[in-house]
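Data first, discussion second: the structure below is written as structure tokens.
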């Protein structure tokens, strides 16, 4: 696939797979915005790779979804590709089920399931209007 001049949003883009993906796509000529919870991590990444755009937000928080989508659209225009990479596992080593609090498991679901669903839902209308777009959940 040709990524040149594609507008791409990557959640979890300041570390691990999200960071590697964002850097690779940027090197391929894409316009890439990364989403992360920690402003300090965003600032560090952008200082090292100024072609990237940083967006601070937590996809686990329902109230952050539309601000994230709005800022991405303001910075890039319509999003061509969304990579939902942000994830949360909880404390490691993992606790036994009997020792796991419902709130801990809820955070996992908010980050890994509901957050990507909500962000996809927020960005999907412009993709549908254009008749194209790609969403990848990792």
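Numbering (the numbering used here), first residue to last: 66 to 203. We put the CB at the ideal spot given by N, CA and C, even for glycine.
Distance between residue j and residue i (C-alpha atoms, nearest Å)
i, j, result
"residue 140", "residue 105", "20 Å"
"residue 198", "residue 101", "22 Å"
"residue 93", "residue 188", "23 Å"
"residue 152", "residue 196", "29 Å"
Buried versus exposed, by CB contacts within 10 Å (16 or more), residue i
i, result
"residue 70", "exposed"
"residue 202", "exposed"
"residue 116", "exposed"
"residue 206", "Residue coverage of the chain in this structure runs from 66 to 203, which leaves residue 206 outside it and unanswerable."
"residue 81", "exposed"
"residue 164", "exposed"
When the options are compared against residue i, the one with the closest alpha-carbon
i, options, result
"residue 112", "177, 198 and 79", "79"
"residue 168", "74, 199, 202 and 125", "125"
Counterpart residues of residue i in DSSP-defined beta bridges
i, result
"residue 119", "99"
"residue 73", "97 and 146"
"residue 200", "147"
May I have a chain-ordered list of the beta strand (DSSP E) segments no shorter than 3 residues that lie completely inside the stretch 126-179? 146-149
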